[in-house]
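Following: one structure in structure tokens, then a few remarks.
2 protein chains.
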Amino acid sequence: MAKEKKLVEQITSMQEDFAQWYTDVVKNAGLIDYTSVKGCMVIKPAGYALWENIQRELDRRFKETGVENVYLPMFIPESLLQKEKDHVEGFAPEVAWVTHGGLQPLQERLCVRPTSETLFCDFYKNEVQSYRDLPKVYNQWCSVVRWEKETRPFLRSREFLWQEGHTAHATAKEAEERTVQMLNVYADFCEEVLAIPVIRGQKTEKEKFAGAESTYTIEALMHDGKALQSGTSHNFGDGFARAFGIQFLDKDNQLKYVHQTSWGLSTRIIGAIIMVHGDDSGLVLPPRIAPTQVMIVPIRQDAPGVLEAAEKLMEAVSEKARVKIDRTDKSPGFKFAEAEIRGIPLRLEIGPKDAEQGKCVLVRRDTREKREVALADAPAEVEKELLRMQEEMFERAKKHRDEHIFDAHNMEELRDIAENHPGFIRGMWCGKTSCEEKIKEELSVTSRCAPFHDQEEISESCVCCGEKAKKLIYWGKAY
Amino acid sequence: MAKEKKLVEQITSMQEDFAQWYTDVVKNAGLIDYTSVKGCMVIKPAGYALWENIQRELDRRFKETGVENVYLPMFIPESLLQKEKDHVEGFAPEVAWVTHGGLQPLQERLCVRPTSETLFCDFYKNEVQSYRDLPKVYNQWCSVVRWEKETRPFLRSREFLWQEGHTAHATAKEAEERTVQMLNVYADFCEEVLAIPVIRGQKTEKEKFAGAESTYTIEALMHDGKALQSGTSHNFGDGFARAFGIQFLDKDNQLKYVHQTSWGLSTRIIGAIIMVHGDDSGLVLPPRIAPTQVMIVPIRQDAPGVLEAAEKLMEAVSEKARVKIDRTDKSPGFKFAEAEIRGIPLRLEIGPKDAEQGKCVLVRRDTREKREVALADAPAEVEKELLRMQEEMFERAKKHRDEHIFDAHNMEELRDIAENHPGFIRGMWCGKTSCEEKIKEELSVTSRCAPFHDQEEISESCVCCGEKAKKLIYWGKAY
Numbered sequence: 000m001a002k003e004k005k006l007v008e009q010i011t012s013m014q015e016d017f018a019q020w021y022t023d024v025v026k027n028a029g030l031i032d033y034t035s036v037k038g039c040m041v042i043k044p045a046g047y048a049l050w051e052n053i054q055r056e057l058d059r060r061f062k063e064t065g066v067e068n069v070y071l072p073m074f075i076p077e078s079l080l081q082k083e084k085d086h087v088e089g090f091a092p093e094v095a096w097v098t099h100g101g102l103q104p105l106q107e108r109l110c111v112r113p114t115s116e117t118l119f120c121d122f123y124k125n126e127v128q129s130y131r132d133l134p135k136v137y138n139q140w141c142s143v144v145r146w147e148k149e150t151r152p153f154l155r156s157r158e159f160l161w162q163e164g165h166t167a168h169a170t171a172k173e174a175e176e177r178t179v180q181m182l183n184v185y186a187d188f189c190e191e192v193l194a195i196p197v198i199r200g201q202k203t204e205k206e207k208f209a210g211a212e213s214t215y216t217i218e219a220l221m222h223d224g225k226a227l228q229s230g231t232s233h234n235f236g237d238g239f240a241r242a243f244g245i246q247f248l249d250k251d252n253q254l255k256y257v258h259q260t261s262w263g264l265s266t267r268i269i270g271a272i273i274m275v276h277g278d279d280s281g282l283v284l285p286p287r288i289a290p291t292q293v294m295i296v297p298i299r300q301d302a303p304g305v306l307e308a309a310e311k312l313m314e315a316v317s318e319k320a321r322v323k324i325d326r327t328d329k330s331p332g333f334k335f336a337e338a339e340i341r342g343i344p345l346r347l348e349i350g351p352k353d354a355e356q357g358k359c360v361l362v363r364r365d366t367r368e369k370r371e372v373a374l375a376d377a378p379a380e381v382e383k384e385l386l387r388m389q390e391e392m393f394e395r396a397k398k399h400r401d402e403h404i405f406d407a408h409n410m411e412e413l414r415d416i417a418e419n420h421p422g423f424i425r426g427m428w429c430g431k432t433s434c435e436e437k438i439k440e441e442l443s444v445t446s447r448c449a450p451f452h453d454q455e456e457i458s459e460s461c462v463c464c465g466e467k468a469k470k471l472i473y474w475g476k477a478y
Numbered sequence: 000m001a002k003e004k005k006l007v008e009q010i011t012s013m014q015e016d017f018a019q020w021y022t023d024v025v026k027n028a029g030l031i032d033y034t035s036v037k038g039c040m041v042i043k044p045a046g047y048a049l050w051e052n053i054q055r056e057l058d059r060r061f062k063e064t065g066v067e068n069v070y071l072p073m074f075i076p077e078s079l080l081q082k083e084k085d086h087v088e089g090f091a092p093e094v095a096w097v098t099h100g101g102l103q104p105l106q107e108r109l110c111v112r113p114t115s116e117t118l119f120c121d122f123y124k125n126e127v128q129s130y131r132d133l134p135k136v137y138n139q140w141c142s143v144v145r146w147e148k149e150t151r152p153f154l155r156s157r158e159f160l161w162q163e164g165h166t167a168h169a170t171a172k173e174a175e176e177r178t179v180q181m182l183n184v185y186a187d188f189c190e191e192v193l194a195i196p197v198i199r200g201q202k203t204e205k206e207k208f209a210g211a212e213s214t215y216t217i218e219a220l221m222h223d224g225k226a227l228q229s230g231t232s233h234n235f236g237d238g239f240a241r242a243f244g245i246q247f248l249d250k251d252n253q254l255k256y257v258h259q260t261s262w263g264l265s266t267r268i269i270g271a272i273i274m275v276h277g278d279d280s281g282l283v284l285p286p287r288i289a290p291t292q293v294m295i296v297p298i299r300q301d302a303p304g305v306l307e308a309a310e311k312l313m314e315a316v317s318e319k320a321r322v323k324i325d326r327t328d329k330s331p332g333f334k335f336a337e338a339e340i341r342g343i344p345l346r347l348e349i350g351p352k353d354a355e356q357g358k359c360v361l362v363r364r365d366t367r368e369k370r371e372v373a374l375a376d377a378p379a380e381v382e383k384e385l386l387r388m389q390e391e392m393f394e395r396a397k398k399h400r401d402e403h404i405f406d407a408h409n410m411e412e413l414r415d416i417a418e419n420h421p422g423f424i425r426g427m428w429c430g431k432t433s434c435e436e437k438i439k440e441e442l443s444v445t446s447r448c449a450p451f452h453d454q455e456e457i458s459e460s461c462v463c464c465g466e467k468a469k470k471l472i473y474w475g476k477a478y
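Those protein sequences? They're chains R and X, same order as listed.
Per numbering that gives the first Met the number 0, the very first residue in the first sequence carries number 0; after that it's consecutive.
Per numbering that gives the first Met the number 0, the very first residue in the second sequence carries number 0; after that it's consecutive.
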């Protein structure tokens with residue numbers, strides 16, 4: 000029993016210290032390990048398998064919309080990074096610089112890509128000559144580097160994995176449509192696959208991406224009431240095209256600049272999965288993304304017939320789900336705790352009596368609900384339960400999210416909510432950056448987005464300055 | 000006609016200039032583009048789709064042997080790289096150094112990984128405590144950087160994509176078995192999927208990997224008679240474990256060092272596909288790896304019924320193969336040339352008469368063989384032809400390879416073959432590095448490997464010094 004206790008004791012309770020709970024979960028669920036390289040982590044098999052599933056599912060959705068994958072260099076010459084003014088200002092302070100190749104100093108230093116707009120522009124400049132070459136709808140899966148001071152696994156690390164899509168279009172309209180389309184791909188993916196409800200909206204001028212005309216975002220609410228920006232899609236208009244000279248000869252024989260977009264989603268989303276669904280026993284994985292969906296735990300596995308029955312059960316269930324058996328010599332209690340920490344959606348327990356009576360016990364990770372199931376029915380029951388669990392996890396997260404959206408009509412209300420009611424705060428805004436800055440400075444609350452849906456006028460005046468409001472904003476503390 | 004001619008004219012003939020032919024093919028088949036970053040390339044959609052297929056197939060084969068994927072940082076602190084003496088000597092002269100993070104100089108400079116043995120050792124040092132933690136059979140898909148002076152697309156570039164597997168085992172025997180097992184995974188993959196016959200063998204002391212006890216390799220013969228090392232698998236014994244202090248408590252309660260292996264295959268293999276199968280019209284892709292296996296080209300596509308028939312054909316064939324239609328407004332001749340340059344295995348031509356008579360023309364990329372096929376039979380015929388083509392491409396490559404293996408019994412013969420008969424040279428070797436060095440210096444020929452199979456004594460004395468020979472070596476000029 001000492002061992003079982005130890006596993007669970009390693010996780011601080013959420014109530015006690017949410018940040019510590021998070022760190023305990025990523026470590027004890029076997030998702031990551033720390034390294035000798037400050038701010039960089041090892042993504043271990045359990046973590047990487049999650050990312051592989053995310054990649055597979057997103058990549059399929061991308062390709063359905065006509066995306067093609069490519070790979071561009073990880074290095075950007077300093078002169079190239081500097082071509083678009085806003086962009087370089089946004090990124091230069093946080094890039095890593097390569098100054099030596101082999102034993103020689105470089106003539107021009109190279110930064111390790113923090114994002115690849117400049118490289119794609121340099122590439123498109125040659126690739127795009129005629130309207131026939133458009134659109135370009137390219138994406139790459141890679142790692143990027145941003146020299147952050149404070150780092151946390153998945154949420155903010157100096158190197159992280161992501162995909163970055165970069166497109167070029169003949170018209171502004173087409174670029175805008177692609178920007179929205181990809182945001183919706185992200186949002187649908189989060190809701191359908193990760194069971195994470197998101198707010199879709201637009202970033203303010205202050206919060207938009209360096210060099211973008213407009214930035215769209217999906218914002219999710221974590222269990223502690225803080226927001227996590229979970230994916231972004233940017234419309235660059237023809238700003239980059241003008242800086243890089245990306246022109247094409249259109250059907251009307253006119254030379255025109257292309258219109259561009261970019262959109263990215265990173266391993267940060269694994270942080271969202273943890274903080275939306277996890278509990279005090281560890282990770283809880285939505286069935287659709289779980290690398291292992293069912294863990295079979297034999298009880299008294301040395302007793303005659305138990306392991307055989309467990310293996311037969313695995314074979315039958317494998318038709319419907321990703322299933323494994325824990326055959327190790329650990330105690331059942333230890334195995335239960337381990338499967339729980341790792342967030343495996345369902346557990347099937349089978350002991351000597353069960354095997355004899357042709358049944359097993361089905362346990363759900365999220366609700367702990369336990370019920371007996373006939374072995375013959377197990378595959379169908381597992382399939383049904385996984386579907387049900389996926390739906391219920393989304394509904395539960397949505398309920399939690401919706402219960403943590405509060406309306407503020409003035410600075411006093413905003414302060415009260417920010418201090419006492421963790422969650423999203425809906426508040427009207429006049430459109431001035433100074434109000435955003437004041438709110439951020441005084442309350443550590445930032446504008447998350449102006450929502451696409453549910454734009455309504457909850458009051459006439461700006462929550463900060465009291466002047467005439469222009470739009471509804473979701474505000475919040477954020478990761 | 001001008002356009003068709005232009006496409007083909009862009010490719011220099013192999014006979015005339017093989018190196019230029021290669022460059023023309025990679026560029027005109029749309030595999031890569033050059034960039035502003037010297038020695039780094041863009042892998043374009045046609046090139047990246049090849050890599051995705053290689054990844055999917057290899058990854059599946061890895062996982063069948065128990066491999067789990069992980070991701071480690073791209074940076075290695077200088078002190079970590081220096082822990083294993085031979086290893087740092089091998090790599091330090093060709094790494095890129097990061098010296099600044101953001102606006103600050105780093106306390107310790109970091110190299111961009113040229114390979115990740117040192118990082119995996121640092122990781123395993125914490126992960127492995129007991130025999131229960133073994134084996135670790137991890138792999139990562141990533142890019143690595145080596146600051147080469149001369150670069151060529153796919154064959155030698157400053158950044159390239161690869162996978163690197165790193166394992167830790169309780170015994171020397173298990174490590175040796177894993178080293179051989181992974182070499183065989185590579186060899187089988189090359190032969191079965193890429194239709195590239197390979198020689199499996201062991202590298203000499205001089206040619207082995209920096210820090211390895213033994214290095215195994217697969218060597219393929221390119222169309223110009225030069226060898227290409229296509230995948231390697233290393234057994235480190237406990238050398239790295241001792242340097243890094245990776246110890247575990249064994250079942251017998253003794254503290255022991257682990258035994259390690261690593262193995263890698265890179266985008267270099269795309270160079271092999273090009274140089275083994277390509278011809279003067281461009282790329283020729285083995286069906287199993289071709290992103291598009293069949294291109295349907297409608298002839299007179301504006302004529303009534305043609306496009307409809309082509310689309311119906313596509314739908315039917317898509318059950319059996321990866322198929323596309325070229326619906327662009329280019330001429331049929333241009334479309335043929337383009338599909339040929341890109342190496343698409345089969346072409347289906349369908350014109351107004353064909354549509355009327357319920358048939359189409361099937362053309363094979365490698366042999367140019369043309370035959371009429373009833374539309375109703377097309378899916379089955381395509382399936383059969385793809386299988387046949389895959390087999391015949393392997394047989395043709397094997398025949399070419401076997402016809403270019405020559406035996407040399409002394410230095411004179413070796414020189415004659417090296418100068419006049421491009422290919423592998425079989426020659427006995429005494430085991431002394433000085434002989435290898437002499438051969439390399441005088442003839443630009445290196446020892447490729449001591450073959451695992453077909454080890455026979457073709458003469459008693461070393462091909463170089465005439466002293467007693469120890470083993471048969473495959474020698475050759477190499478990329």
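C-beta: ideal position from N, C-alpha, C; glycine also.
Quick caveat: nothing in here was measured; it's all calculated off a predicted structure.
About 12 Å separates the Cβ atoms of Ala375(X) and Val316(X), ruling out a contact at the 8 Å cut-off. Note on Leu471(X): 16 or more other CB atoms within 10 angstroms of its CB, so buried under the neighbour-count rule.
The Cβ of Asn125(R) sits closer than 8 Å to at least one Cβ of chain X. Taken in chain order, the unbroken stretches of alpha helix (DSSP H) that lie wholly in the region 66-136 of chain R and span 4 residues or more are 77-80, 84-90 and 116-126.
By the Cβ neighbour-count rule, Lys334(R) is buried, with 16 or more other Cβ atoms within 10 Å of its own. Per DSSP, the beta bridge partners of Val143(X) are Phe159(X). Per the C-alpha coordinates, the member of Phe405(X), Trp428(X) and Met427(X) positioned closest to Ala417(X) is Phe405(X). Going by C-alpha positions, Cys434(X) is about 28 Å away from Pro196(X).
Distance from the Cα of Ala194(X) is smallest, within the candidate group Tyr478(X), His420(X), Met388(X) and Ala449(X), for Met388(X). Nearest CB-CB separation between Pro92(R) and chain X: below the 8 Å threshold. Looking at Thr266(R), Gly277(R), Glu56(R) and Ala171(R), the one whose alpha-carbon comes closest to that of Asp187(R) is Glu56(R). For Ala45(X), the enclosing alpha helix (DSSP H) stretches over residues Pro44 to Glu63.
In the structure shown, His276(R) adopts helical secondary structure according to DSSP, grouped into three states. When the beta-carbon positions are compared, Arg370(X) and Leu282(X) stay at least 8 Å from each other. Taken in chain order, the whole alpha helix (DSSP H) runs of length 4 or more contained in the region 331-404 of chain X are 331-340, 351-356 and 377-402. With fewer than 16 neighbouring CB atoms inside 10 Å of its own CB, His452(R) falls in the exposed class.
When secondary structure is reduced to three states using DSSP, Ser433(X) falls in the helix class. For the options Val275(X), His258(X), Pro290(X) and Ile349(X), the alpha carbon positioned closest to that of Pro303(X) is the one of Ile349(X). Of all residues in the region 65-84 of chain X, the ones placed with a Cβ closer than 8 Å to any Cβ belonging to chain R are Glu67, Asn68, Val69, Tyr70, Leu71, Pro72, Met73, Phe74, Ile75, Pro76 and Leu79, in chain order. With contacts defined as CB atoms closer than 8 Å, Gly332(R) and Glu83(R) fail to qualify as a contacting pair.
Using a C-beta cut-off of 8 Å, the region 168-175 of chain X makes contact with the region 252-268 of chain X, since at least three inter-stretch Cβ pairs fall below that distance.
At a cut-off of 8 Å between beta carbons, Cys120(R) makes no contact with chain X.
Scanning Asp249(R), His276(R), Val360(R) and Val41(R) for the CA closest to the CA of Leu220(R) turns up His276(R).
Nearest CB-CB separation between Glu158(X) and chain R: below the 8 Å threshold. From the beta-carbon of Pro44(R), the residues of chain X found nearer than 9 Å are Glu67, Asn68, Val69 and Tyr137. Taking 8 Å as the threshold, the shortest C-beta distance from Asp32(R) to chain X falls below it. At a cut-off of 8 Å between beta-carbon atoms, Ser317(X) makes no contact with chain R.
The alpha carbon of Gln201(R) has as its nearest neighbour, out of Tyr33(R), Glu436(R) and Ser446(R), the alpha carbon of Ser446(R). Assignment of beta-bridge partners to Trp20(R) by DSSP yields no partner. Proximity of Ala95(R) to chain X, defined by a Cβ-Cβ separation below 8 Å, is satisfied. Think of a sphere of 7 Å around the beta carbon of Gly100(R): the chain X residues whose beta carbon falls inside it are Ala95 and Trp146, in chain order. Under the DSSP definition of a beta bridge, Glu218(R) partners with Ile198(R) and Gln228(R).
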